Amino acid sequence: MRLLLARRVLCGVVLAFGVVACAPVVPAQHNGQHDGEQTDQGVGHAGSLPHLRAEVIRVLPHDRSSFTQGLEIAGGTLYEGTGMKGESLLRATDLATGELRREVELPDDLFGEGITVTGDRIWQLTWQEGVALERDRESLAELRRVEYPGEGWGLCSDGARLVMSDGSDRLTFRDPVTFEPTGSVDVRAAGAPVEELNELECVGGQVWANIWGSEEIVRIDPATGQVTAVVDASGLLSPEQRPGTDVLNGIAAVPGTDEFLLTGKYWPALFRVRFVPA
């Protein structure tokens, strides 16, 4: 069974430029992968899990034409992978200045998904095409393609292995060189499956995962698959920013800090946040 999200709105989130009032979700409508509709999927108030909220530290601009699928920071560069056939790309941006360093488009028949940096390489998933693209980190050029079964959603690296989601309640571990599977773990909260695991971020021995269709992010112990905390990331967008946007998706740890960058599909802003007790 799926866990149901009791939709909550976090009022009075303090941004760098003021206070954002509560607003209902107004999802955009698109024809594509897990897009367009805000659902009731999520963890909500499962058991006695620690509940956190996203405290906004700074608001940064974001290309609102980006259907964000993967977000990661490495070496002072913000890497972003986007989706939709005919629109998917991978870009590298200077984290400090926002200057675009490099950008490459995917072939029109590929729907881009999660990304991760590992050494001098970048892996980029595709949704239903069953291939992962290995890229040169500096040039972003495609080096090879590796096939995998099922769908590709989120991807991150813990330094020793890759962690991949496919929209189910399972995380699959993969070799960072061969992309071959090396194991898996089922994700549970209060004994129930947590499905729709989407964009991933590996940091501090934990895996953070966006729950597609919700405004929640969960922290997962990859050794056991147990959810160890739930983040309420609702209320980030103002009512003026909401029209034309899609779901929350995109989480990148800021190296050397306890902060993260959050964004969503077609969002006009990146939010630099810290997760604090709710």
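Residue numbers (mature numbering (1 follows the signal peptide of the UniProt record, and there is no 0)): -28 to -1, 1 to 250. Cβ coordinates follow ideal geometry from the N, Cα and C atoms, glycine included. Values in this document were obtained by computation on a predicted structure and should not be read as measured data.
No Cβ-Cβ contact shorter than 8 angstroms links V203 with V28. Comparing alpha carbon positions, the residue from G58, A46, E168 and C128 closest to R142 is E168.
Under the three-state reduction of DSSP output, T90 falls in the strand class. When the five nearest sequence neighbours on each side are left out, the beta carbons in the same chain lying within less than 6 angstroms of the beta carbon of V118 are those of A104 and F151, in order along the chain.
T217 and S210 have their C-alpha atoms some 11 angstroms from each other. Taking C-beta atoms as the reference points, P165 and V159 count as a pair closer than 8 angstroms. By DSSP's assignment, R160 forms a beta bridge with P165 and Q198. Counting along the chain, M136 sits inside the beta strand (DSSP E) bounded by residues L134 to S137. DSSP lists E52 and E75 as the beta-bridge partner residues of R63.
Of E59, G58, D66 and H23, the smallest CA-CA separation from L32 is found for D66. Annotation: P79 to R107 spans about 14 angstroms, alpha carbon to alpha carbon. Less than 8 angstroms separates the beta-carbon of A201 from that of L24. Pairing N221 with K237, the inter-Cα distance amounts to about 6 angstroms. Sixteen is the threshold: since fewer than 16 other Cβ atoms of the shown chains lie within 10 Å of the Cβ of L72, the residue is exposed. Going by beta carbons, F83 and K57 fall inside the 8 angstroms limit. With respect to the C-alpha of Y120, the residue from I183, D230, T154 and N182 having the closest C-alpha is T154. The straight-line gap separating the alpha-carbon atoms of L127 and G47 is approximately 18 angstroms. Per DSSP, E110 lies in no beta strand (DSSP E) and is assigned neither H nor E. In the structure shown, A68 adopts coil according to DSSP, grouped into three states. Annotated as proximal: E85 and W125, with beta-carbon spacing under 8 angstroms.
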